[in-house]
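Residue numbers (the UniProt record's numbering): 1 to 273.
Here a beta-carbon is modelled for each residue, glycine too, at the ideal position from N, C-alpha and C.
Below you'll find the structure, written out as structure tokens, and then a few comments.
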């Protein structure tokens, strides 16, 4: 290879390296600040609940991303209301621009406590989610009206090194209890991949609720066996919900079985001035 060819090769390698560096920096910037990558639409941050994981939002995410919304599905630690809320709050601080904060089930308790004065959070969306008042617990709220059958479906608690206990739903009872309107095969996958919640989280008192100062929207299934529909209706009314949707025949995982309706409500929250 002559000297001229070697110089050209080196030059091309340098150009390629610089181009790759630009691509990497741009990609990392989009991850850390999704709103900058997709225009002026608010970033939708979704927080899953107990016995679920971030993939439970996949159907909703697909629809929102198609519409051009920047999205982040946070992996909820499920270790306690305050600690989980602090974790989500820290994630929110790295997002520039307006935010729509969405919580499912126990994730509703988390988003209620995660705003912490963050002025970027413009809307809260409760998807079959708890919306507690100061001092209320998830356990007390779920039992406010009859209809929850979660207790008998729980597996024997798993002891933790710190003395706490992790809770799961028995796989054989998961479909009927948690996701009755989801296909059997999908429900089995959900049962196998469910993430446990520490038992004490259900009895931890909530702090000052964000829904008193931030507009809220609610959607839930009429056949929710974890949190009775009457409880959802009570919480939505108390929070002066901008829009409340009770999905006929839907289970606790309304975001999976009725992703269209959930995504549409999130869009309403995102576009309401």
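To which residues of the same chain is residue i closer than 6 angstroms at the C-beta, ignoring the five residues directly before and after it?
{"i": "residue 204", "result": "80, 81"}
{"i": "residue 25", "result": "Low confidence applies to residue 25: its pLDDT is 30, below 50, so where it sits in the model is not reliable, and the reading given next is rough at best. No residues qualify anywhere along the chain."}
Can you tell which of the options has the C-alpha that lies nearest to the C-alpha of residue i?
{"i": "residue 163", "options": "92, 136, 134, 198", "result": "198"}
{"i": "residue 146", "options": "75, 224, 172, 217", "result": "224"}
{"i": "residue 72", "options": "66, 61, 78", "result": "61"}
{"i": "residue 255", "options": "240, 213, 180", "result": "180"}
{"i": "residue 129", "options": "160, 59, 113, 94", "result": "113"}
{"i": "residue 50", "options": "226, 270, 258", "result": "226"}
Less than 8 angstroms between the C-beta atoms of residue i and residue j, yes or no?
{"i": "residue 175", "j": "residue 104", "result": "no"}
{"i": "residue 92", "j": "residue 266", "result": "no"}
{"i": "residue 187", "j": "residue 220", "result": "no"}
{"i": "residue 121", "j": "residue 99", "result": "yes"}
Got a sec? Which residues, its chain only, sit under 7 angstroms from residue i by beta carbon, not counting five neighbours each side?
{"i": "residue 202", "result": "137, 138, 139"}
How many angstroms separate the CA atom of residue i from the CA atom of residue j?
{"i": "residue 170", "j": "residue 191", "result": "8 angstroms"}
{"i": "residue 134", "j": "residue 206", "result": "5 angstroms"}
{"i": "residue 160", "j": "residue 150", "result": "22 angstroms"}
{"i": "residue 195", "j": "residue 67", "result": "29 angstroms"}
{"i": "residue 184", "j": "residue 143", "result": "28 angstroms"}
{"i": "residue 215", "j": "residue 273", "result": "10 angstroms"}
{"i": "residue 127", "j": "residue 262", "result": "7 angstroms"}
{"i": "residue 236", "j": "residue 85", "result": "21 angstroms"}
{"i": "residue 40", "j": "residue 125", "result": "20 angstroms"}
{"i": "residue 200", "j": "residue 109", "result": "14 angstroms"}
{"i": "residue 131", "j": "residue 101", "result": "13 angstroms"}
{"i": "residue 119", "j": "residue 172", "result": "44 angstroms"}
Quick one: what's residue i bridged to in DSSP?
{"i": "residue 247", "result": "221"}
{"i": "residue 73", "result": "46"}
{"i": "residue 124", "result": "101, 216"}
With a threshold of 7 angstroms, establish whether the CB of residue i neighbours any heavy atom of the ligand GTP.
{"i": "residue 113", "result": "Inclusion of the ligand GTP in the displayed structure is not the case, the ligand content being empty and no account of it being possible."}
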